[in-house]
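A short write-up of the structure that comes next.
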Ligand code: NAP
């Protein structure tokens, strides 16, 4: 691609918006053309407003851009949304109606029957919902969502297992990083030296989004996977990286060795493998007994690979394991960018 596609970032000042700016700087296909945030930030220079939390310097080009209002669509072919939930519900349809493909992190449209909820390695074919969405809503653009950060790691691990053995039921308990709550997130007095066994709406999201992601696309609709999913979600004093302990029962019995072999051998389809953000291996299997750990394993595959360990028999269901995924990269900004790359590769957004 010789000329990069101009893109807008909606909600550019937040945790995910900053990660988008970092990951899109020097992206081979996309060039940041506009940044938006709330009306309180609009009209000011990004570098003067943002409380930059990334560990690499704020790129000069982004620093010098004026923050625009999120409510005025600008017609870019792609808009990356990291908006707050309510703002996303109000604003994303305006951009979709004005012709932008909105790739979003936010939750309001994820479970709408005509909105693709996509992880490229898992269910790229769900993009087939877009014509239905456009016809039903009268949009020339559209909305494509990535899942909640907790669901993403889980679905990536379940997808190849579901294809081979059929996921029947599962139980997942999470240890979720503070960064998943955005800035300023959970009060330090609530989380330092503590565990908070409640994250609003999170368990419902994990249960419902997992079934949609593993569902089948046919005749212009998604038939959700009939798996029974039980989620317990907890906030722990970790900065980045969601750890999840999972017990799973399959329709076809599987041994720990078969599960490990299936995960380690899984490679994306060639079109997905060629996307700039796709890691060589979506899932890495680590045989060491005390892995994965957020501090040691978070950056696997530049934050886009999920690491799995402790695959062993489960006396309650069949198999139990531990997984770790980067919540703001694979679970948020990296996922949105990879979905945008998929839209380009699929010809939905032209180069
Ligand atoms: P955040 O740090 O709170 O940032 C929210 C962004 O939305 C900011 O740019 C903010 O702009 C903007 N905003 C707030 N109210 C607005 C309004 N009324 N109109 C226009 N813009 C408004 O949140 P975050 O953690 O980055 O999350 C962003 C989205 O991604 C959320 O929907 C979240 O649920 C989802 N998500 C987050 C994660 C994660 O790991 N953090 C993972 C997956 C999904 P101002 O700075 O001007 O207020």
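In the working numbering, the protein residues as written are 4 to 354. We put the CB at the ideal spot given by N, CA and C, even for glycine.
What does the Cβ neighbour count give for residue i, buried or exposed, with the cut at 16 atoms within 10 Å?
i	result
residue 215	buried
residue 205	buried
residue 367	This structure leaves residue 367 out entirely; the chain is present only between 4 and 354.
residue 354	exposed
residue 141	exposed
residue 186	exposed
residue 229	exposed
residue 368	In the structure as shown, the chain begins at 4 and stops at 354. Residue 368 is therefore absent and cannot be evaluated.
residue 64	exposed
residue 255	exposed
residue 231	exposed
residue 196	exposed
residue 305	exposed
residue 150	buried
residue 3	Here the chain has residues from 4 to 354 only, and residue 3 is not among them.
residue 80	buried
Consult DSSP for residue i and reduce its assignment to one of helix, strand or coil.
i	result
residue 217	coil
residue 168	helix
residue 129	helix
residue 304	helix
residue 67	helix
residue 264	helix
residue 332	helix
residue 52	helix
residue 93	helix
residue 148	strand
residue 247	strand
residue 298	helix
residue 176	strand
residue 349	coil
residue 242	coil
residue 59	coil
residue 110	coil
residue 39	strand
Please work out which residues of its chain come closer than 6 angstroms, Cβ to Cβ, to residue i, disregarding the five sequence neighbours upstream and downstream, and give them in chain order.
i	result
residue 267	288
residue 68	38 and 49
residue 239	178 and 198
residue 162	125
residue 28	62
residue 105	82, 84, 95, 98, 99 and 146
residue 34	7 and 9
residue 47	70
residue 176	235 and 248
How close, in whole Å, do the beta carbons of residue i and residue j come, if the pair is a contact with beta carbons under 8 angstroms?
i	j	result
residue 55	residue 21	6 angstroms
residue 325	residue 307	Wrong, their Cβ atoms sit about 19 angstroms apart, outside the cutoff.
residue 345	residue 19	Not a contact, Cβ separation roughly 18 angstroms.
residue 73	residue 53	Contact flag wrong, Cβ pair sits at about 15 angstroms.
residue 181	residue 242	6 angstroms
residue 145	residue 101	At roughly 11 angstroms, the Cβ-Cβ gap does not stay under 8 angstroms, so residue 145 and residue 101 are not in contact.
residue 252	residue 320	4 angstroms
residue 292	residue 313	7 angstroms
residue 123	residue 341	5 angstroms
residue 2	residue 103	Absent from the structure is residue 2, since the part of the chain shown begins at 4 and ends at 354.
residue 343	residue 108	Not confirmed; about 12 angstroms, so no contact.
residue 213	residue 310	The pair is not a contact, with the Cβ atoms about 19 angstroms apart (cut-off 8 angstroms).
residue 250	residue 299	Not really, about 24 angstroms apart at Cβ, beyond 8 angstroms.
residue 66	residue 112	Contact flag wrong, Cβ pair sits at about 31 angstroms.
Comparing alpha-carbon positions, which option in the options lies nearest residue i?
i	options	result
residue 234	248, 228, 227 and 222	248
residue 329	344, 351, 286 and 346	286
residue 17	31, 45, 130 and 86	86
residue 355	76, 83 and 42	Nothing about residue 355 can be reported from this structure: the residues present for the chain run from 4 to 354 only.
residue 303	123, 150, 156 and 151	156
residue 348	190, 273, 34 and 58	273
residue 351	128, 231 and 13	128
residue 265	91, 8 and 160	160
residue 208	190, 250, 323 and 236	236
residue 75	106, 318, 40 and 61	40
residue 138	153, 148, 118 and 149	118
residue 263	232, 196, 109 and 167	167
residue 57	257, 30, 42 and 26	26
residue 244	327, 258 and 11	327
residue 294	284, 246, 338 and 218	246
residue 261	71, 250, 315 and 301	315
residue 317	275, 296 and 257	257
residue 12	158, 110 and 36	36
residue 31	222, 277, 91 and 171	277
residue 222	259, 171, 130 and 110	130
By Cβ distance below 7 angstroms, which residues in the same chain neighbour residue i in space, the five residues on each side in sequence not counted?
i	result
residue 211	114
residue 42	72
residue 269	163, 285 and 286
residue 227	214, 215 and 218
For residue i, which residues in the same chain have their Cβ closer than 8 angstroms to its Cβ, ignoring the five residues on either side in sequence?
i	result
residue 224	116, 132 and 135
residue 271	123, 124, 281 and 285
Say whether chain D places a C-beta atom closer than 8 angstroms to the C-beta of residue i.
i	result
residue 126	Here chain D cannot be found, since the structure has a single protein chain.
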